[in-house]
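Visitor: Protein chains in written order, with the working numbering: chain E, 34 to 255; chain R, 259 to 554.
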């Protein structure tokens with residue numbers, strides 16, 4: 034256990050980075066995923082097609098490749114720069130990649146949630162004169178969100194674990210630190226691995242419990 | 259099928275005009291975005307012919323792409339076989355009547371589902387020398403990680419499948435005097451595998467995508483050959499990455515289509531076999547249980 038104790042500051046910093054990546058990407062994916070699912074059911078064929086193509090591409094590309102693409106393609110070749118400081122820039126590029134990947138899954142979850150809302154809800158909304166945006170935003174999506182809380186929880190847990198891949202975009206989070214520590218403290222591999230695994234359990238277990246509680250509390254009574 | 263036509267009225271004359279204007283504006287916005295990307299890449303000569311031509315050369319395919327694809331498919335294929343076996347064993351173990359089998363199996367499955375796959379691969383690859391005295395090959399580390407993680411997920415999927423079967427199946431097996439193991443192997447598992455096949459194939463897609471993590475530990479697969487092989491020789495990162503992504507998307511879309519086709523077949527089969535004999539001349543209502551999985 035010595036290594037975990039001596040390096041506790043580095044480890045905590047690494048998990049703080051994991052947490053920051055997770056939180057910001059989760060917010061971004063929630064927003065982008067909602068927009069994509071709205072596009073997917075919109076009256077305009079061009080928006081439906083765009084959303085469908087985006088989701089197919091993002092879901093079927095390995096995350097490693099998505100993150101390499103954001104750092105090499107978007108960062109180096111499109112010249113998108115979030116900050117002059119390299120570490121901050123890499124962080125935002127990784128957030129961009131994780132958001133681009135995760136929002137496709139959020140969109141798919143929300144789309145199935147929209148399917149669970151009874152037809153009468155949207156019909157009633159239209160009958161009182163609401164347009165597409167109002168029907169979707171005030172009537173259908175609020176109910177769809179409440180129906181898909183469990184899958185959104187699974188997506189958030191997957192995102193937390195996926196932040197480890199951000200090392201290909203040059204972000205020093207948990208996986209980078211674990212690799213370094215295994216190389217330095219070769220005699221304590223198991224302890225180090227279990228320590229980092231425990232860190233992810235600590236992050237993921239409360240998420241699972243919270244979303245289970247939320248889904249029971251917010252379930253739509255029908 | 260236009261999907262959610264119930265979310266909006268059929269547009270009238272003004273609505274049609276408004277929709278056309280909106281569609282034109284949005285198309286223009288997408289085109290502008292596409293142009294910006296094109297122009298930025300053009301500034302860095304990413305569209306230069308000498309960066310794209312190598313992708314059409316036979317020797318580039320035989321030296322980089324095909325061997326890379328072989329590496330990806332080898333890791334994913336072995337991973338699929340081993341994860342399937344792992345899933346079968348641990349699903350059965352977790353439903354055992356003996357607590358000394360059930361509890362450790364549950365712990366193993368829950369642990370490997372909660373730990374990020376990359377950490378598993380790192381532990382196997384970088385830690386193997388310190389643990390065993392021999393260095394594990396990147397291939398073995400990747401396959402081990404893929405097996406433990408995806409096997410655990412499949413174990414849970416199969417367990418859910420067995421739990422979703424009608425109770426009468428287990429009761430009938432018991433009534434025939436089958437011991438628990440025989441009931442599992444001959445009656446429950448085969449039905450659970452069929453019922454869960456779409457979910458299992460979706461997990462195999464995840465596994466195939468995750469095999470790209472091998473790139474990080476230097477396993478010789480498609481991303482590695484594309485970005486470290488082709489891009490290093492012709493300095494064409496963007497074309498190479500796009501080609502690799504296109505290959506992954508093609509394989510995964512095919513697997514996804516297979517999963518959907520199976521899903522449809524299974525729900526059709528259910529309609530015929532479930533329940534007492536029916537008058538086949540009258541049309542049956544469509545099954546509702548598939549409403550969520552159905553593509554738009």
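Cβ coordinates follow ideal geometry from the N, Cα and C atoms, glycine included. Here the structure is a predicted model, which is why all the values come from computation and not from measurement.
(1) If you compare alpha carbons, which of R:388, R:488 and R:376 is closest to residue 314 of chain R?
(2) Since residue 463 of chain R is in the alpha helix (DSSP H), which residue starts that stretch and which ends it?
(3) Starting from the C-beta of residue 43 of chain E, find all residues in its chain whose C-beta is less than 7 Å away, skip the five residues before and the five after it, and write them out in chain order.
(4) Tell me the rounded alpha-carbon separation between residue 278 of chain R and residue 337 of chain R.
(5) Using 7 Å as the limit for Cβ to Cβ distance, is residue 510 of chain R near chain E?
(6) Just the C-alpha distance for residue 214 of chain E and residue 497 of chain R, rounded to the nearest angstrom, thanks.
(7) If I follow the unbroken alpha helix (DSSP H) through residue 474 of chain R, where does it start and stop?
(8) Go to residue 158 of chain E, then tell me how far its alpha helix (DSSP H) extends in each direction, as first and last residue.
(9) Taking beta-carbon pairs under 7 Å, can you tell me which members of the segment 295-311 of chain R lie near chain E?
(10) Using a Cβ-Cβ cutoff of less than 7 Å, which residues in the same chain neighbour residue 69 of chain E once the five nearest sequence positions on both sides are dropped?
(11) If we define contact as Cβ-Cβ less than 7 Å, is residue 104 of chain E a contact residue for chain R?
(12) Report the residues of the segment 79-96 of chain E with a CB closer than 9 Å to any CB of chain R, ordered along the chain.
(13) With three or more C-beta pairs closer than 8 Å as the rule, is the segment 347-361 of chain R touching the segment 187-204 of chain E?
(14) Please list, in chain order, all residues of the same chain as residue 455 of chain R whose beta carbon is under 6 Å from its beta carbon, the five residues on each side excluded.
(15) Considering just the uninterrupted stretch of the alpha helix (DSSP H) at residue 420 of chain R, what are its terminal residues?
(16) Check each residue of the segment 51-83 of chain E: if its Cβ is closer than 7 Å to any Cβ of chain R, include it; give the result in chain order.
(17) Rank R:385, R:325 and R:457 by C-alpha distance to the C-alpha of residue 226 of chain E and give the top, closest one.
(18) Would you decide whether residue 541 of chain R is buried or exposed? Buried here means 16 or more other CB atoms lie within 10 Å of its CB.
(19) Looking only at C-alpha atoms, which of E:202, E:182 and E:62 sits nearest to residue 123 of chain E?
(20) Could you check which residue in R:394, R:433 and R:349 has the C-alpha nearest to that of residue 411 of chain R?
(21) Assuming contact is defined by CB atoms lying nearer than 7 Å, are residue 409 of chain R and residue 341 of chain R in contact in what I supplied?
(22) Could you check where the alpha helix (DSSP H) with residue 269 of chain R kicks off and where it finishes?
(23) Would you kindly work out how many angstroms separate the C-alpha atoms of residue 509 of chain R and residue 138 of chain E, rounded to a whole number?
(24) Report all residues from its chain with a CB closer than 6 Å to the CB of residue 183 of chain E; omit the five preceding and five following residues, and keep chain order.
(25) Hey, how far is the Cα of residue 381 of chain R from the Cα of residue 264 of chain R?
(26) Can you tell me whether residue 275 of chain R is buried or exposed, with buried defined as 16 or more other CB within 10 angstroms of its CB?
(27) Is the segment 172-180 of chain E touching the segment 153-163 of chain E, taking contact as three or more C-beta pairs under 8 Å?
(28) Would you report the Cα separation of residue 80 of chain E and residue 282 of chain R, rounded to the nearest angstrom?
(29) So the alpha helix (DSSP H) residue 87 of chain E belongs to, where does it begin and stop?
(30) Let me know if residue 116 of chain E comes out buried or exposed under the rule of 16 or more other beta-carbons within 10 Å of its beta-carbon.
(31) Figure out for me which residue from E:110, E:165 and E:145 has the closest Cα to the Cα of residue 178 of chain E.
(32) Taking the beta carbon of residue 502 of chain R as the centre, do at least 16 other beta carbons fall within 10 Å, making it buried, or is it exposed?
(33) Skipping 5 residues on each side, what residues in its chain have a beta carbon closer than 6 Å to that of residue 238 of chain E?
(34) So, are the CB atoms of residue 103 of chain E and residue 130 of chain E less than 7 Å apart?
(35) Is the separation between the beta-carbon of residue 204 of chain E and that of residue 91 of chain E shorter than 7 Å?
(36) By how many angstroms is the C-alpha of residue 430 of chain R removed from the C-alpha of residue 507 of chain R?
Guide: Reading off the structure:
(1) Answer by Cα proximity: R:488.
(2) Its alpha helix (DSSP H) spans residues 447-468.
(3) Sequence-distant Cβ neighbours of residue 43 of chain E in its own chain, meaning closer than 7 Å and more than five residues away, are 210.
(4) Rounded to the nearest angstrom, the two C-alpha atoms are 49 Å apart.
(5) Yes, because at least one Cβ of chain E sits closer than 7 Å to the Cβ of residue 510 of chain R.
(6) Distance from the CA of residue 214 of chain E to the CA of residue 497 of chain R, rounded to the nearest whole angstrom, comes to 36 Å.
(7) Unbroken run through residue 474 of chain R: none, as it is neither H nor E.
(8) It spans 152-160 - the alpha helix (DSSP H) in which residue 158 of chain E sits, taken as one unbroken run.
(9) Under the 7 Å Cβ criterion, the segment 295-311 of chain R contributes 295, 298, 299, 302 and 304.
(10) Closer than 7 Å at the Cβ level, and outside the excluded window around residue 69 of chain E, lie 84, 87, 88, 136 and 140.
(11) Output row for residue 104 of chain E: interface = no.
(12) Going along the segment 79-96 of chain E in chain order, one finds 79, 80, 81, 83, 85, 89, 90, 92, 93, 94, 95 and 96 with a Cβ nearer than 9 Å to chain R.
(13) No, the segment 187-204 of chain E is not in contact with the segment 347-361 of chain R.
(14) If the five residues before and after residue 455 of chain R are omitted, its C-beta is found closer than 6 Å to the C-beta atoms of 520, all from its own chain and listed in chain order.
(15) Its alpha helix (DSSP H) spans residues 396-422.
(16) The segment 51-83 of chain E vs chain R, Cβ under 7 Å: 74, 76, 77, 79, 80 and 83.
(17) Of all alpha-carbon atoms in R:385, R:325 and R:457, the one lying nearest the alpha-carbon of residue 226 of chain E is that of R:385.
(18) Reliability fails at residue 541 of chain R, whose pLDDT of 42 lies under 50, so the model's placement of it is uncertain and the value that follows must be treated cautiously. Classification for residue 541 of chain R: exposed.
(19) Closest by alpha carbon: E:202.
(20) Nearest neighbour of residue 411 of chain R by Cα position, chosen from R:394, R:433 and R:349, turns out to be R:349.
(21) Closer than 7 Å, so yes.
(22) Secondary structure note for residue 269 of chain R: it is in no alpha helix (DSSP H), with a DSSP letter that is neither H nor E.
(23) About 19 Å.
(24) 248, listed in sequence order.
(25) Spanning the two alpha carbons is a distance of roughly 52 Å.
(26) Using a 10 angstroms sphere on the CB of residue 275 of chain R, the tally of other CB atoms stays under 16, which defines it as exposed.
(27) The segment 172-180 of chain E vs the segment 153-163 of chain E: in contact.
(28) Approximately 11 Å between the Cα atoms of the pair.
(29) Here the alpha helix (DSSP H) through residue 87 of chain E covers 78-93.
(30) The residue in question, residue 116 of chain E, is exposed, as its Cβ has fewer than 16 Cβ neighbours within 10 Å.
(31) With distances taken between Cα atoms, residue 178 of chain E lies closest to E:145.
(32) With 16 or more Cβ atoms within 10 Å of its Cβ, residue 502 of chain R is classed as buried.
(33) Here the set comprises nothing.
(34) Taking 7 Å as the cut-off, the Cβ atoms of residue 103 of chain E and residue 130 of chain E count as close.
(35) Contact: no.
(36) The alpha-carbon separation between residue 507 of chain R and residue 430 of chain R amounts to approximately 44 Å.
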